[in-house]
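Notes follow the structure.
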């Protein structure tokens, strides 16, 4: 069914307006996407012909069906646990069938979550999970919510030479913040609230954000031991100066996206450890992860060396700077692509 003549785009409001007469009655509405408008038109036309579509499920049932489908698809336990955490606030603040949730409900949900002290990034993830539920049931929401935080998660890992340049040319507070992420594997939130009282000889006790009060004891390398203050907060009092200095470093080294905080160097820690050949379980201990599959998202360049070796060999072969005898034999690699003769 084609309904383009019944859909008009309102540039001022950024929404699609629908107006169609069915059985002598005018149906109209506004929708954030064209697909949502077409689904609305299909529904009223079919119902006008006496064909009633299956009712949309309640939010609770829809989320349950989506999570169960993920479980049957073999998703990891940590992913399912993550979904279970996201469904709690959604079911508490929103209710009713999926097609009855409108823009007002979403705006009220965002306001309630902000009043509870929830960060924009967490709200974005909850709304993204809600959109996934709509997609699973093959429908589009009648609401729209732009990203509340435009600072995307930086997954690009800096090369070692850039890291060395940063560590050699930054003030002591920045070196302290970067060092805690890079040389201790600490999270950015832990860095901002780190205190000198956490340091015990050659080790540092990292207080985790858990109700049980668990701690993650990590090794204190010589570089950190020389720059960490002897008492008081380690970085918190210099938080804004750290952001300012790292922005200046980004401009000088032409790094995009810019480095607003030290959190990306935690990713560097995991990536460099992988390139040095350390097992994932060992890296998991450094990062303080409870579940091993969470560590995988930090191992960004795990396959980069393999790709580089193949492409450089292809380059040499095509440009005539080598022959078949210098190319690696397929038998030298196992099924996962690891070299059998390192």
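Numbering (this note's numbering), first residue to last: 2 to 343.
Glycine included, each C-beta is placed from N, C-alpha and C at the ideal position.
- With contacts defined by Cβ atoms closer than 9 Å, residue 182 and residue 265 form a contacting pair.
- Put simply, the backbone Cα of residue 61 is about 43 Å away from that of residue 196.
- Here DSSP, grouped into helix, strand and coil, assigns residue 241 to helix.
- It is roughly 10 Å from the alpha-carbon of residue 105 to the alpha-carbon of residue 111.
- One alpha carbon belongs to residue 163, the other to residue 224, and they sit about 17 Å apart.
- The Cβ-Cβ distance between residue 15 and residue 145 falls below 9 Å.
- Per DSSP, reduced to three states, the secondary structure at residue 234 is strand.
- Remark: C-beta atoms of residue 288 and residue 180 do not approach each other more closely than 9 Å.
- In this structure residue 246 is not in contact with residue 161, their Cβ atoms being roughly 20 Å apart against a cut-off of 8 Å.
- If you check the CB distance, residue 149 and residue 125 come in under 9 Å.
- Judged by beta-carbon spacing, residue 263 lies within the 9 Å limit of residue 175, meaning their Cβ atoms are closer than that value.
- For residue 137, the enclosing alpha helix (DSSP H) stretches over residues 121-137.
- For residue 266, the enclosing alpha helix (DSSP H) stretches over residues 265-276.
- Spanning the alpha carbons of residue 278 and residue 159 requires a straight line of approximately 18 Å.
- Membership of residue 284 in the alpha helix (DSSP H) is indicated by the continuous run 281-288.
- Within the model, the alpha-carbon separation for residue 228 versus residue 168 is close to 12 Å.
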